[in-house]
Amino acid sequence: MLIVAGFAASATSAVHGQGGANFDNVQMKVLPVQGNIYMIAGAGSNVTVQVGKEGVLIVDTEFAPLVPKIAAEIRKLSKGPIRYIINTHVHADHVGGNEAFAKLVPDDPAAPLKIIAHENVLNRMSKPAPNETPPPDAALPRDEYFTPFKDLRFNGEAIFIYYEPKAHTDGDSVVLFRGSDVISAGDVFTPGTYPFIDLERGGSLDGEIAALNHILALAVPAHTQDGGTYVVPGHGRICDEGDVVEYRDMVVIIRDRVRDMIKKSMTLDQIKAAKPTRDYDTEYVSADSFVTADRFVESIYASLTRK
Ligand SMILES: [Zn+2]
């Protein structure tokens, strides 16, 4: 979620709290989510894996150096071919492994690998900023979509890929596995940390809240409150609808506080000094947080005051 520098070349600087990042020591954790869906967690984004008779679909690819380890875990779940990669957005910790995964897939015209993302992801990867390393061709999501959503059927399951405009970035997708009843949310939802609104890459606070509300509209709770639809976040633990409600409420409450302060003509410095996040900081800020309380407030302020 947190990675705003270039693609492959910047991967080592991108793992927070690990200094010169030694990917060798990263252990993969594989967790069954529900139905055909698993979550693999390593050092970058969570990787969502759907397996079945037709092969393997993955959502997000972490960093290239971690792909052999991720692939080894996937092979324990399925010996079938990797047929689909869906990238939830452009950040390097979500697309960094695309090329390495593509190399693992035999060039079979009958079973080609498709890399799907919103077209804004392809646009940004194809035209990186001057200080960014352009990704290799094989890493690009050539199966881009530009409609409000894209659907497909794989492993006997209907899969919906929804575009969430101007949220964490301008190219976010949320993936619903309808049969398994699992949502892969990307960095729109990152429990335990404040959302990173990447204003430079087209994100916005209102889009972030709309995306969270959309996840809630897609999710169905169980009678017992826990369970029902499970949500795999961009980073962090497997969650359910109640967790997303709590997160959405936090973002809305802090947004409203900051908005009220702006209405009172307070400056950004005055707003930061008033600590509008104070009662949430213990839950959402830790020593290695990329989005500090001040940074979150700054992004809200910038998003609300932007012309
Ligand atoms: Zn991100």
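Letter 1 of the sequence shown, counting from 1, is numbered 960 in our numbering, and no numbers are missing.
The beta-carbon is built from N, C-alpha and C at its ideal position, and this holds for glycine as well.
Taking 8 Å as the cut-off, the C-beta of Asp1129 does not count as close to any heavy atom of ligand 1.
DSSP links Glu1116 through a beta bridge to Phe1113.
The closest CA to that of Val985, considering only Gly1001, Ala1176, Gln993, is found on Gly1001. In chain order, Gln993, Gly994, Val1179, Gly1187, Thr1188, Tyr1189 place their CB closer than 8 Å to the CB of Asp1140, counting only its own chain and leaving out the 5 sequence neighbours on each side. Collapsing the DSSP output to three states places Ser1143 in a strand. Taking a contact as a CB-CB distance under 8 Å, the pair Ile1075 and Tyr1043 counts as one, their CB atoms being some 6 Å apart. Gly1166 has its CB no nearer than 8 Å to any heavy atom of ligand 1.
Assignment of Glu1032 by DSSP, reduced to helix, strand and coil, places it in the helix class.
In this structure, DSSP gives Lys1073 an extended state, which the three-state scheme calls strand. Residue Asp1019 holds the alpha-carbon nearest to the alpha-carbon of Ser1004 among Tyr997, Pro991, Ile996, Asp1019.
With 16 or more other Cβ atoms from the protein chains shown falling within 10 Å of its own Cβ, Gly1130 counts as buried. Three or more beta-carbon pairs separated by less than 8 Å are not found between the segment 1196-1204 and the segment 1213-1230, which leaves the two stretches without contact.
Burial check for Phe1105: the Cβ neighbour count within 10 Å stays below 16, so the residue is exposed. Around the beta carbon of Pro1065, fewer than 16 other beta carbons lie within 10 angstroms, which makes this residue exposed. Phe1113 is classed as buried because its beta carbon has at least 16 other beta carbons within 10 Å across all chains shown. Between Tyr997 and Asp1215, the alpha-carbon positions lie close to 36 Å from each other. Per the DSSP secondary-structure output, Glu1103 pairs in a beta bridge with Ala1076. Contact between Ala1144 and Pro1192 is confirmed by a C-beta separation of about 5 Å, below the 8 Å threshold.
Of the residues assessed, His1173 falls on the buried side of the cut-off, its CB having 16 or more other CB atoms within 10 angstroms. Taking 8 Å as the cut-off, one finds no heavy atom of ligand 1 near enough to the beta carbon of Asp1247.
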